[in-house]
Each structure stands twice: as structure tokens, then as C-alpha cells.
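Reviewing the structure listed below.
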Amino acid sequence: MQKSNIIFQIRGVSKSFGGVKAVNQVSFQVQEKKIIGLIGPNGAGKTTLFNLITGFLKSDEGHIYFQGRDITNLKPHKICQLGIGRTFQVVRPLSTLTVLENIVTAALLRHNNYKDAKEYAIYIAQVMGLASKINKIAGGIPIAEKKRLGFAQALATGAKLLLLDEVAAGLNPTEVDKFLNIIRKISIEGLTIIMVEHVMKAVMNVSNQILVLDHGELIAQ
């Protein structure tokens, strides 16, 4: 991690399940404020790689660095506290809470008191185009808004690096465009993003760099 503009790096990371290499000797680095597209067929190892980065799985070998610190196999909450946030393919908000309460819950990871967390959550809701929905029960909003809510929760943790797992999947072209505009905006404001996506329009329109994963191996970048 010699270069100061390198915020994130993976070196030789591997993970096997039952003898099958889901991720095999993957290495790459990410510069600050860049948007990285991670693409590949289903089963290529993309979500597994996200799970390794965020501590939901333990790697068999290799190292993961964030802001110069080795975060390999740390617990998920520790990694989140350090500044890595993520979304999930299947969006599961706290369905009985309001949209705002969901965002506040995430914001409390960064803010010591409820008032500050709520103020920040309202700001994030505005950024994500959810300001008019903050009092809606999260379980009852449409899927596109649930995806934006998941994005908002990841952002509200105070993340410096965001991992977006298929945020455009299942959305219509108008909704995809809204997501792309949000991604561009938060990147300009200083966040670094790695996005797994099958919607090629989304990847090609916003990414500064494309990584291609197949059968657990990084085959192009």
C-alpha cells in the first residue's frame, strides 16, 4: 500500500467450498473516488468475493487491505466501522419500521446520539430520493425504493468504500437511470465504489475500471 491514493487492495485471496475454488488467487487494487465495475457470469464468485471483503466469509489464503490496514477475516461489524458499507442482492429492510427508522439504525453506527443520527439519516434520504417516503413502513414500499433504502443504509454507516451488489437488477430503465445518477453524485463527493452488476448499461455508464471474474478467477481488468 505504498501509493496514498490506493484505498483498497486484495492480494492473492482464495476461498474454496468442498474442494471447489469459488475465488482463486484474486488480486487487484482500487484508487480513491473511483467506480469499479465487477462483472462475470452467475457463479463466477462475485458475491463470494464481497462476502470475503466484508467478513461474512473467511478467506483460505491471501490478504485484504483497506486504507493501509489488513482487514482480512475481521468480523463484519468491525469492517463496517472501519468504513466499508455494502448492499445485498436480496433487500431485507426492517419491515415493520419506517424508511427513516431503517436509515437511522444504520446511522447509529457512526453517530453517538439519536438526534445526530436522525439528522444524518434525513440528509441521506434526500440524497437517495427517499425524502417523501421517510414515514412509510419499509415493508410496504416498492422494490425499487427498497433497493434505494438498502443503498441509503450502506451510505448512512459513514462508509468510505461502498460495495453495491446488483442494485440495478429488476429495475426498469428509468429506475436504473436514477440509480446511476445517485452513484455518480456520491462518487463526485468522494466515495469509492465497487459494483457487481449484470445490467451492462449501469456498469459501462459509470465505471472508471472494469474487472471480469470467471470461475473464481480475475481474467481481465
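The sequence shown begins at 1 in UniProt numbering and counts up one residue at a time. Cβ atoms here follow ideal geometry from the backbone N, Cα and C, with glycine treated the same way.
Residue i versus residue j - alpha carbon distance
| i | j | result |
| --- | --- | --- |
| LEU162 | ILE7 | 12 Å |
| ASN42 | GLU166 | 12 Å |
| GLY158 | LYS146 | 19 Å |
| GLN221 | LEU164 | 18 Å |
| ALA202 | LYS178 | 10 Å |
| VAL127 | VAL26 | 34 Å |
| ALA168 | ASN51 | 19 Å |
| LEU49 | ASN172 | 27 Å |
| GLN209 | LYS185 | 17 Å |
| ILE71 | THR174 | 37 Å |
| GLU32 | ALA152 | 20 Å |
| MET204 | PHE28 | 19 Å |
| ILE188 | LYS115 | 27 Å |
| ASN5 | LYS160 | 13 Å |
| THR96 | ILE219 | 43 Å |
| ASN113 | TYR123 | 16 Å |
| GLN67 | GLU61 | 20 Å |
| SER59 | GLU119 | 37 Å |
| HIS111 | PHE17 | 38 Å |
| LEU211 | THR192 | 15 Å |
7 Å CB neighbourhood of residue i in its chain, flanking five on each side removed
| i | result |
| --- | --- |
| GLN81 | LEU109 |
| LYS21 | SER14, GLY216 |
| ALA121 | LEU100, ILE103, VAL104, ALA107, ALA156 |
| residue 234 | Any answer about residue 234 is impossible in this case: the structure gives the chain only from 1 up to 221. |
| GLY40 | LYS46, VAL212, LEU213, ASP214 |
Those residues which DSSP pairs with residue i across a bridge
| i | result |
| --- | --- |
| HIS63 | ARG11 |
| PHE17 | VAL20 |
| LEU218 | LEU213 |
Sequence-distant residues of the same chain with beta carbon closer than 8 Å to residue i, five excluded per side
| i | result |
| --- | --- |
| LEU94 | GLU101, ASN102, THR105, ALA138 |
| ARG69 | LEU82 |
| THR54 | PRO76, ILE79, CYS80, ILE84, ARG86, LEU163 |
| GLN89 | THR47, ASP165, GLU166, ALA169 |
| VAL91 | ILE143, LYS146, LYS147, LEU149, GLY150 |
| GLN2 | Reliability fails at GLN2, whose pLDDT of 44 lies under 50, so the model's placement of it is uncertain and the value that follows must be treated cautiously. Result list for GLN2: empty, nothing under 8 Å. |
Contact under 8 Å by Cβ, residue i with residue j
| i | j | result |
| --- | --- | --- |
| ALA44 | LEU213 | yes |
| ILE194 | VAL30 | yes |
| LEU149 | LEU130 | yes |
| LYS15 | LEU57 | yes |
| ALA125 | ALA117 | no |
| ILE141 | ILE64 | no |
| LYS133 | VAL99 | yes |
| GLY216 | ASN24 | yes |
| VAL196 | LEU38 | yes |
| ILE35 | ILE183 | yes |
Cβ shell of residue i (< 6 Å), same chain only, five flanking positions each side left out
| i | result |
| --- | --- |
| LYS136 | VAL99 |
Taking only runs that begin and end inside the stretch 139-178, name each unbroken beta strand (DSSP E) of 3 or more residues, in chain order.
Counting whole runs of 3 or more residues, the stretch 139-178 contains the beta strand (DSSP E) stretches 161-165.
Pick out the complete alpha helix (DSSP H) segments inside the stretch 181-216, 4 residues or longer, and give them in chain order.
List check, alpha helix (DSSP H) in window: 200-206.
Whole beta strand (DSSP E) runs in the stretch 27-78 with 3 or more residues, listed along the chain?
Within the stretch 27-78, the complete beta strand (DSSP E) runs of at least 3 residues are 35-39, 61-66.
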